[in-house]
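Quick notes on the structure that follows.
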Amino acid sequence: MFSKLYSAGMFGLDAFTVAVECDLTQGLPAFDIVGLPGAAVKESKDRVRSALKNSGFEYPVSRITINLAPADIRKEGPIYDLPVLISLLKASRQLDAELSDAVFIGELSLNGAVRPVRGILSMALHAVKSGFKRFYIPYGNAAEASVVKGLDIYAVRNVSELLAHLKGEADIAPVSGKDYPLPAPPEYLDFADVRGQETAKRALEIAAAGGHNVLMIGPPGSGKSMLAKRLPSILPEMSFDEAVETTKIYSVAGLLPEGMPLIFERPFRSPHHTISPAGLSGGGSMPRPGEISLAHNGVLFLDELPEFPKQAVEALRQPLEDGKIRISRASGSVLYPCSVSFVAAMNPCPCGFFGDPDHVCRCSRKSVQSYLGRVSGPLLDRLDMHIEVPAVKYDELSSGSGGEASKEIRKRVTAARALQSERFAGTGCRCNAAMSSELTEKHCRLTADAEKFMRSAFESLSLSARAYGRIIKVARTIADLAASETIELVHISEAVRYRSLDRKYWQ
Ligand SMILES: Nc1ncnc2c1ncn2[C@@H]1O[C@H](COP(=O)(O)OP(=O)(O)OP(=O)(O)O)[C@@H](O)[C@H]1O
Ligand SMILES: [Mg+2]
0 MFSKLYSAGM FGLDAFTVAV ECDLTQGLPA FDIVGLPGAA VKESKDRVRS
50 ALKNSGFEYP VSRITINLAP ADIRKEGPIY DLPVLISLLK ASRQLDAELS
100 DAVFIGELSL NGAVRPVRGI LSMALHAVKS GFKRFYIPYG NAAEASVVKG
150 LDIYAVRNVS ELLAHLKGEA DIAPVSGKDY PLPAPPEYLD FADVRGQETA
200 KRALEIAAAG GHNVLMIGPP GSGKSMLAKR LPSILPEMSF DEAVETTKIY
250 SVAGLLPEGM PLIFERPFRS PHHTISPAGL SGGGSMPRPG EISLAHNGVL
300 FLDELPEFPK QAVEALRQPL EDGKIRISRA SGSVLYPCSV SFVAAMNPCP
350 CGFFGDPDHV CRCSRKSVQS YLGRVSGPLL DRLDMHIEVP AVKYDELSSG
400 SGGEASKEIR KRVTAARALQ SERFAGTGCR CNAAMSSELT EKHCRLTADA
450 EKFMRSAFES LSLSARAYGR IIKVARTIAD LAASETIELV HISEAVRYRS
500 LDRKYWQ
């Protein structure tokens, strides 16, 4: 007796259809799963056997063979428990139902409860594209699947409930997007708390508006970490497409908060410097997304940059440029997106006061050099803006008024992003920082004055071609903040100013 139904599998961020075939033959009782199953899939037979018995069904006494097709892609995770169980019930004639338009996904408890799994969002999007009509998933994944349209999604609590539904004895109401409204945005720390530091605030506004990279450098206690922590409060809203992209990554990593249908605020990831290279860029035997991918469409913040393992940080160089990272393992290579605004903070030397006009730096020339040397030239070249965050003056600290509120800054950022969305419509590019060279060519017209200034800056600062490109993009964002069509002298000169600090410290 034979049965066949459908499930899905994940490879990186992409889902694929898996056909689950079950064959029962006479012979010594056995339970085999073939079709390149991983360890968790092989263990599925014990969970299925118990779940079946504890839900009041009979475990067939025959030779059971389960095949997961296509057989050339490795199947990982416990997601096939539910489809294997249903296919067993069909093959043993305990269930008679037409299931060719349905997809089953779910891990089982020994008592027949259905437990949540990773990657539901990608699998649901794939099921719609492949023409399936019904999607049976664990109850715990309902919120995440609810954003997908064009599919009847049934969130299942346990095997008995599902079987009653499939036999037509009881109903399960399909999941609706209305059941899972987005929660209110979190309360962010406000830029109004930061006294002084106008240059740094302005630079972070530009970074938020155009998606640029920033390095903040300054003595201890000047407010670098404080400024960075307030960045989420001025980031522009995510579009629905961006939110789905980012949510897919969290879904695959199993990090989507319970009951949360979408990651709808731009992520702000701030890993500690003890993180491993794999934790930062992604890895593992079944490659998982790293912090840089979890920050996709948002900000990756590395505080105390020189304290991070050099190898881990250097590995970010290519992904920062490409907006995606390929991780290769024996099981295959997967591509994760990582279009981020990279923000870093550091002291200029071990004691922190090198270059500070009011403090004596106690570090030797050599130790300053070796400290700064932990941030390589090529990495520095990829940081669009280098800004100095000097110690705050007493008057600034003691004056009653704080700075401008985040709400006001965010309005300007949002307006600048709206200009960019209009400009890049249909190109796949989302912000100025991500412009290709063709787009830069097309949209970054400099006035004659600006052109002349850029030429002299390029020569006198001996900039690299990359630095040139990045300065132009920052200038584009500065012009957008001023709602200017062309890039004028004031815009380009401000952009160049953000690139002159590396000479103070690194040369
Ligand atoms: N510009 C500022 N306005 C108001 N408070 C400030 C400012 N700068 C620093 N502070 C106060 O000092 C504390 C420490 O600042 P913060 O942690 O941001 O310093 P830092 O520059 O990151 O130092 P380090 O280099 O040691 O990491 C803040 O929590 C805040 O209370
Ligand atoms: Mg700090």
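What the sequence shown shows, in numbering that gives the first Met the number 0, is residues 0 to 506, in sequence order. All C-beta atoms, glycine included, are put in the ideal place defined by N, C-alpha and C. Predicted, not measured: the structure shown is a model, and the values here were computed from it.
Item                                                                                                                            : Value
Of the residues H385, I262 and A424, the one placed nearest V213, counting alpha carbons only                                   : H385
Segment contact flag, the segment 98-110 with the segment 128-139, C-beta cutoff 8 Å, min 3 pairs                               : yes
Where R502 falls, given that 16 or more other Cβ within 10 Å makes a residue buried                                             : exposed
Distance between P235 and L414 (C-alpha atoms, nearest Å)                                                                       : Sequence inspection shows Ala at residue 414; the Leu mentioned does not correspond to that position. Whole-angstrom Cα-Cα distance: 9 Å.
Classification of V33 by the beta-carbon crowding that lies within 10 angstroms, buried from 16 upward                          : exposed
Start-to-end residues for the beta strand (DSSP E) that takes in Y135                                                           : R133 to P137
Separation of C21 from L51, as counted between CA atoms                                                                         : 15 Å
Beta-carbon gap between A314 and P288 smaller than 8 Å                                                                          : no
At least 3 beta-carbon pairs within less than 8 Å: the segment 295-309 vs the segment 173-186                                   : no
Proximal residues to S499 (C-beta, below 7 Å), its chain only, five neighbours per side dropped                                 : L460
G220 CB to nearest heavy atom of ligand 1 below 7 Å                                                                             : yes
Closer than 7 Å: G354 CB and nearest ligand 1 heavy atom                                                                        : no
D302, DSSP secondary structure in three states                                                                                  : strand
Straight-line gap, V127 to I72 (C-alpha atoms, nearest Å)                                                                       : 21 Å
Run of the beta strand (DSSP E) containing E458, from where it starts to where it stops                                         : No beta strand (DSSP E) contains E458, which is instead part of the alpha helix (DSSP H) from A447 to S459.
Coarse secondary structure for Y467, derived from DSSP in three states                                                          : helix
Cβ-heavy atom distance, A344 to ligand 2, below 7 Å                                                                             : yes
Ligand 1 heavy atom lying under 7 Å from the CB of R194                                                                         : yes
L12 beta carbon less than 8 Å from that of S121                                                                                 : yes
Residue environment, K200, which counts as buried when at least 16 other CB atoms sit within 10 Å                               : buried
L488 in three-state terms, based on DSSP                                                                                        : helix
Straight-line Cα distance separating I470 from T476                                                                             : 10 Å
Meets three-Cβ-pair contact criterion under 8 Å: the segment 346-358 and the segment 324-336                                    : no
Contacts around P219, its chain only, beta-carbon distance under 7 Å, and the 5 residues preceding and following it disregarded : N346 and G351
CA-to-CA distance, I274 to I248, given in whole angstroms                                                                       : 19 Å
Inter-residue spacing [alpha-carbon to alpha-carbon] between S375 and M215                                                      : 15 Å
Where the alpha helix (DSSP H) containing H385 begins and where it ends                                                         : Segment M384 to E387 is the beta strand (DSSP E) holding H385; no alpha helix (DSSP H) there.
Cβ-heavy atom distance, K472 to ligand 2, below 7 Å                                                                             : no
For P231 and D479, the rounded distance between their alpha carbons                                                             : 20 Å
CA-to-CA distance, K472 to G8, given in whole angstroms                                                                         : 40 Å
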